[in-house]
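Each residue of the sequence shown is one higher than the last, beginning at 38 in our numbering. Glycine residues also receive a C-beta, built at the ideal position from the N, C-alpha and C atoms. A short write-up of the structure that comes next.
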Amino acid sequence: MTLRCPRCESDQIATKNYARMVTCSIGTIAGAVRGWLGAASGAELGASLGIVAGPPGIAIGGIAGAIVGALVCGATGASAGAVLGEIIDESVLKNFLCLSCEFSFGKVSAEDPEAVTASEMGTW
Ligand SMILES: [Zn+2]
Numbered sequence: 038m039t040l041r042c043p044r045c046e047s048d049q050i051a052t053k054n055y056a057r058m059v060t061c062s063i064g065t066i067a068g069a070v071r072g073w074l075g076a077a078s079g080a081e082l083g084a085s086l087g088i089v090a091g092p093p094g095i096a097i098g099g100i101a102g103a104i105v106g107a108l109v110c111g112a113t114g115a116s117a118g119a120v121l122g123e124i125i126d127e128s129v130l131k132n133f134l135c136l137s138c139e140f141s142f143g144k145v146s147a148e149d150p151e152a153v154t155a156s157e158m159g160t161w
C-alpha cells in the first residue's frame with residue numbers, strides 16, 4: 038500500500054515513530070532495572086552453577102548470572118516497548134509526515150483522506 042498525503046496527494050511520506058523510540062528506550066531501561074533487581078536470583082543461580090569450580094567459580098558465576106539476567110530482561114523490555122510504541126504510533130499519534138508539504142497525519146487519515154478532521158489539520 039502506498040501512502041499518500043491527504044492534503045497534497047504526495048507519496049513522499051516519512052514515518053516519525055516517536056512513540057516507538059520512546060517506549061523502546063523506556064522498556065529497555067525498565068527491563069534492565071527489573072533484571073538488575075532480579076539479578077539476585079540470576080546471581081544465585083550462577084553461584085550454584087559455579088560451586089563446582091570452587092570459590093572463584095561462585096563469584097564469577099554470580100556476576101555472570103546477574104549480568105545475563107539484566108541483559109535478558111532489558112531485551113524483553115525493549116521488544117515489549119517497541120510493540121507498545123508501534124501501537125501508539127499507528128493508532129494515537131500522527132505518525133506520518135508528508136515530505137512535500139510537512140503535513141502530519143495518522144493512519145486513519147492516510148487510509149481514508151475523507152476522515153481528516155479540522156483537529157488533524159495542524160502539525161506538531
Ligand atoms: Zn503533503
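Between Cys-42 and Cys-135, is the Cβ-Cβ spacing less than 8 Å?
yes
For ligand 1, is there a heavy atom less than 7 Å away from the beta-carbon of Phe-133?
no
Taking the C-alpha atoms as reference points, what is the distance between Leu-40 and Ile-50?
Answer to the nearest angstrom: the Cα atoms are 7 Å apart.
Just mark Ser-141 as buried or exposed, buried being the case when its beta carbon has 16 or more other beta carbons within 10 Å.
buried
Which one or two residues does DSSP pair with Leu-134 in a beta bridge?
Ala-51 and Ser-141
Between Thr-160 and Glu-139, what straight-line distance do the alpha-carbon atoms span, to the nearest angstrom?
Model confidence at Thr-160 stands at a pLDDT of 48, short of 50, so the residue's coordinates are unreliable and nothing is read from them.
Just how far apart, CA to CA, sit Gly-75 and Ala-103?
Straight-line Cα distance between these residues: approximately 8 Å.
For the alpha helix (DSSP H) containing Thr-113, list its first residue and its last residue.
92-128
Short of 7 Å in beta carbon distance, which residues of its chain neighbour Cys-56, apart from the five on each side in sequence? Order them along the chain.
The displayed chain sequence assigns Ala, not Cys, to residue 56. Gly-122, Ile-125, Asp-126 and Leu-130, listed in sequence order.
Leaving out five residues before and five after Ile-97 in sequence, what residues of the same chain have Cβ atoms less than 7 Å from its Cβ?
Gly-87
What residue from Val-89, Lys-53, Thr-52 and Ala-69 has the CA that sits closest to Ala-112's CA?
It is Ala-69 whose Cα lies nearest to the Cα of Ala-112.
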